[in-house]
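Everything on this sheet refers to the single structure shown next.
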Amino acid sequence: MNSKIHASSFDEVIDKFYPETIKKTRQRIDIFKVLYSASQPLSAAEIFNALNKNGAKETYAFSTVYRNLLAFEKAGVVVKSVLSTEDNAVYELKRETHRHYAVCLKCHTKIPIKACPLHDIAHDLEGTIPDFQVTGHQLEIYGYCASCREAAPVPVSLS
Ligand SMILES: [Zn+2]
Ligand SMILES: [Zn+2]
């Protein structure tokens with residue numbers, strides 16, 4: 194995870210990107226910073242850990258982090274996904290264009306997939322489902338990243 198937080202530049206980020214629809218609290222701003230600087234979706238526990246290191250002046254209870262993530266999710270600021278490689282849901286900031294990830298089964302690194310391969314398919318499908326409006330979808334690609342590949346088990350051949 195790379196989530197280096199530079200205090201000065203982040204005031205600007207918050208001014209620019211923090212949604213006006215959500216009441217600003219110090220905790221929420223801190224959580225927003227962690228999500229903003231993360232290169233991949235994070236679990237509530239990872240966000241909690243990121244908040245409580247970096248010589249944090251204030252320590253946050255896990256329940257507080259979780260509650261604020263729910264508030265962000267409700268407000269449409271954060272997208273929550275459930276990946277089969279993770280025990281817990283992961284969160285990321287909602288972007289103009291959504292992202293999918295290739296997930297490493299061993300180290301759980303999440304590599305963004307450049308384009309959404311499902312966009313057109315989801316649109317076409319909508320027309321085939323009577324009286325249904327498609328608002329989103331999930332896609333999970335999994336396998337092994339470069340550093341884990343050597344250690345990966347050879348698939349059993351069922352011939
Ligand atoms: Zn890996
Ligand atoms: Zn998609």
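In our numbering, the protein residues as written are 194 to 352.
We treat Cβ as the ideally placed atom computed from N, Cα and C, and that holds for glycine.
Taking 7 angstroms as the cut-off, is the C-beta of residue i nearer than that to any heavy atom in ligand 2?
{"i": "His293", "result": "yes"}
{"i": "His316", "result": "no"}
{"i": "Leu332", "result": "yes"}
{"i": "Leu311", "result": "yes"}
Within 10 angstroms of its Cβ, does residue i collect 16 or more other Cβ (buried), or is it exposed?
{"i": "Thr321", "result": "exposed"}
{"i": "Lys303", "result": "buried"}
{"i": "Ile224", "result": "buried"}
{"i": "Phe241", "result": "buried"}
{"i": "Lys226", "result": "buried"}
{"i": "Pro310", "result": "exposed"}
{"i": "His312", "result": "exposed"}
{"i": "Tyr325", "result": "Before going on, a small fix: residue 325 reads as Phe here, not Tyr. Label assigned to Phe325: exposed."}
{"i": "His293", "result": "buried"}
{"i": "Ser350", "result": "exposed"}
{"i": "Pro212", "result": "exposed"}
{"i": "Cys297", "result": "buried"}
{"i": "Glu343", "result": "exposed"}
{"i": "Asn281", "result": "exposed"}
{"i": "Leu244", "result": "buried"}
Residues bridged to residue i by DSSP?
{"i": "Glu333", "result": "Tyr294"}
{"i": "Ser202", "result": "None; Ser202 has no bridge partner."}
{"i": "Ser230", "result": "Per DSSP, none; premise fails for Ser230."}
{"i": "Ser236", "result": "Val283"}
Which full runs of the alpha helix (DSSP H) of 4+ residues lie inside the region 253-311, going along the chain?
-> Those alpha helix (DSSP H) runs which fall completely within the region 253-311 and span 4+ residues are 255-267.
Any heavy atom of ligand 1 nearer than 7 angstroms to the CB - residues listed = Going by the Cβ distance cut-off, the answer is Cys297, Lys299, Cys300, Thr302, Tyr337, Cys338, Ser340 and Cys341.
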